[in-house]
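Engineer: Once you've had a glance at the structure underneath, I'll fire off some questions.
Shown next, in the form of structure tokens:
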């Protein structure tokens, strides 16, 4: 069992009167029988990769011809600290077949020209084959999810950043199960009034925040899986860029579609990466051996998640926006697969166009987001003045006539009139129609209150009951309109 990072195992191969060409000839035959993938062949050695086995990474086997005996080395392509003896088993299997084939007299009878021609033929065949990405489809262990390695480098870094930010939030006092909305805003959540203002950076920062530990765990799992399959195809730079681009478009889609919510999470960016993966499968640009099974799995996963995106509390706009951007980016990269630099440049240009377009639309169509906040502040002032006006009418028992008349006129009628003025000013704001309708009802309510207070003032001042009937009618109207206000759905 080998230890190290990566795990390796080496052993010398005794030549025993074999020439180097004969050794390479036999080594090629052995790798074919073991069904290893030859990746490099020349007169100085060869390199091959073993097949993936469930719950393991594959291994690279290298034979180098030195001055003395050749050295065969097997090392793990993953990040495991120990290899369960797989590297030694590779070398043992190689040597068993090597010694078996070495006994064949026909091989020993081949001259140098024949051997060199054979090696050149194999080299030409290898060079002519299109190198396909060997996607790692399983994690060696739980901890390997978080450790960067050759074709799984950016993904664990992104996962670790998400976890680190979540830990910092929890250490600062944010609830790990149901964080407060204000906490998400404070840490960089995507909130329309702030994002459209000077906090444009929230479009990206929101992609690294999560609303509870279960939200974090689900996204980390989904990101690990898609990164495992896709990063070896996109490579480090393009995987990171497309991830950020998809997250940006997802945040903008949420900003445009949602009226007044705080959104956070990596879901939009992850959906985008699944969109790229789906296109890559359809265009056969990733490991073809995985296509048939992956297509069904990924397609089903996307459909189920899109269906759940319409549930309350889930930002479906971000999910759909991320997915659509990923599908678009995937098509661009698939069509320009032979020129990846051009492909990623086109993707960046498409992202810029989408960003400018969606941000402009959001800013123009969501002006009322700012004015809703202004309106809510005004309504709080309305409630404060309503309270003072009502107190002026209910607190005069036992007081002198002059003080009571003063309270009704200078506090009661005054504040009802101030509320009417306030509501008319608020109604000039750019607001949803339902709020304009609510303002009309509140103005009518204040006018009825003013009229009632006016009759109460006359009743007390003139010491008469001739206004009682009208006051009863007004009070009934006031009660009806209060019921109407309370039954109006809150927007």
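Numbering (the numbering used here), first residue to last: -17 to 473.
Note that beta-carbon positions come from the ideal geometry of N, C-alpha and C, so glycine has one too.
Can you give me the Cβ contacts of residue 132 inside the same chain, cut-off strictly under 7 Å, excluding the 5 residues immediately before and after it?
Structural biologist: 59
Engineer: Within its chain, find whatever has a CB closer than 7 Å to the CB of residue 217; leave out the 5 residues flanking it on each side and keep chain order.
Structural biologist: none
Engineer: Please name the residue, chosen from 461, 437, 466, that lies closest to residue 453 on a Cα-to-Cα basis.
Structural biologist: 437
Engineer: Below 8 Å, how does it come out for the segment 218 to 227 and the segment 261 to 268: are there three or more Cβ pairs, yes or no?
Structural biologist: Taking a cut-off of 8 Å on C-beta distances, the segment 218 to 227 does not touch the segment 261 to 268, as fewer than three cross pairs fall below it.
Engineer: Ends of the beta strand (DSSP E) at residue 25?
Structural biologist: Note, residue 25: premise wrong, no beta strand (DSSP E); not H, not E.
Engineer: Answer with buried or exposed for residue 115, where buried requires no fewer than 16 other C-beta atoms within 10 angstroms of its C-beta.
Structural biologist: Any reading at residue 115 is ruled out, since the residue's pLDDT is 42, under 50, leaving its predicted position unreliable.
Engineer: Would residue 57 be called buried (16 or more neighbouring beta carbons within 10 Å of its own) or exposed?
Structural biologist: Answer is buried; the Cβ neighbour count reaches 16.
Engineer: Hey, residue 460 and residue 427 are a contact pair by Cβ (cut 8 Å); roughly how many whole angstroms apart?
Structural biologist: Contact flag correct, Cβ pair sits at about 7 Å.
Engineer: Within 10 angstroms of its Cβ, does residue 52 collect 16 or more other Cβ (buried), or is it exposed?
Structural biologist: buried
Engineer: Output the boundary residues of the alpha helix (DSSP H) element that contains residue 236.
Structural biologist: 195 to 239
Engineer: Hey, would you say residue -3 sits closer than 8 Å to residue 5, going by beta carbons?
Structural biologist: The answer is yes: Cβ separation under 8 Å.
Engineer: Leaving out five residues before and five after residue 341 in sequence, what residues of the same chain have Cβ atoms less than 7 Å from its Cβ?
Structural biologist: 234
Engineer: Below 8 Å on the Cβ atoms is my guess for residue 43 versus residue 32; work out the distance and round it to an integer in Å.
Structural biologist: 7 Å
Engineer: So what's residue 91 in DSSP terms, helix, strand or just coil?
Structural biologist: When secondary structure is reduced to three states using DSSP, residue 91 falls in the coil class, being assigned neither helix nor strand.
Engineer: Over what stretch of residues does the beta strand (DSSP E) that includes residue 167 continue unbroken?
Structural biologist: Run containing residue 167: none in the beta strand (DSSP E); it sits in the alpha helix (DSSP H), 163 to 168.
Engineer: Rounded to whole angstroms, what's the CA-CA distance from residue 23 to residue 138? Just pull it up for me.
Structural biologist: 33 Å
Engineer: DSSP puts residue 244 in a beta bridge; with which residues?
Structural biologist: 173
Engineer: Which residue from 157, 184, 173, 231 puts its Cα closest to that of residue 197?
Structural biologist: 157
Engineer: Using three-state DSSP, classify residue 326 as helix, strand or coil.
Structural biologist: In the structure shown, residue 326 sits in a helix (DSSP, three-state: H, G or I).
Engineer: Closest to residue 329 by CA distance: which of 260, 79, 310, 184 is it?
Structural biologist: 310
Engineer: Figure out for me which residue from 248, 277, 244 has the closest Cα to the Cα of residue 259.
Structural biologist: From the listed residues 248, 277, 244, the smallest Cα separation to residue 259 is found for 277.
Engineer: Look at residue 193 and residue 166 and say whether their C-beta atoms are less than 8 Å apart.
Structural biologist: Result yes, Cβ atoms of residue 193 and residue 166 sit closer than 8 Å.
Engineer: DSSP three-state call for residue 20: helix, strand or coil?
Structural biologist: strand
Engineer: Distance check for residue 464 and residue 456, CA to CA, integer angstroms please.
Structural biologist: 12 Å
Engineer: Put residue 283 into one of helix, strand or coil per three-state DSSP.
Structural biologist: helix
Engineer: According to the Cβ coordinates, are residue 147 and residue 127 closer than 8 Å?
Structural biologist: no
Engineer: Nearest by alpha-carbon distance to residue 236: which of 303, 255, 20 is it?
Structural biologist: Ranking the options by Cα distance to residue 236, first place goes to 303.
Engineer: Let me make sure I understand the geometry here. Which of 72, 212, 353, 447 has the alpha-carbon closest to that of residue 407?
Structural biologist: 353
Engineer: List, from N- to C-terminal side, the alpha helix (DSSP H) runs of 4 residues or more that fit wholly inside the segment 403 to 445.
Structural biologist: For the segment 403 to 445, whole alpha helix (DSSP H) runs of length 4 or above, ordered along the chain, are 415 to 444.
Engineer: Decide if residue 86 is buried, meaning its Cβ has at least 16 other Cβ atoms within 10 Å, or exposed.
Structural biologist: exposed
Engineer: Which partner residues does residue 53 have in the DSSP bridge list?
Structural biologist: In DSSP, residue 53 forms a bridge with -6, 46.
Engineer: Could you compute how far the alpha carbon of residue 247 sits from the alpha carbon of residue 152?
Structural biologist: Spanning the two alpha carbons is a distance of roughly 16 Å.
Engineer: Tell me which residues share the same chain as residue 21 and place their Cβ nearer than 7 Å to its Cβ, disregarding the 5 neighbours each side in the sequence.
Structural biologist: If we look at residue 21 and ignore the five residues flanking it on each side, its Cβ neighbours are 29, 30, 31.
Engineer: When the cut-off is 8 Å and only beta carbons count, does residue 25 lie next to chain C?
Structural biologist: Here chain C cannot be found, since the structure has a single protein chain.
Engineer: What are the boundary residues of the alpha helix (DSSP H) that includes residue 160?
Structural biologist: No alpha helix (DSSP H) holds residue 160; DSSP gives it neither H nor E.
Engineer: Taking the straight line between their C-alpha atoms, what separation do you get for residue 315 and residue 325?
Structural biologist: Rounded to whole angstroms, residue 315 to residue 325 spans 5 Å at the Cα level.
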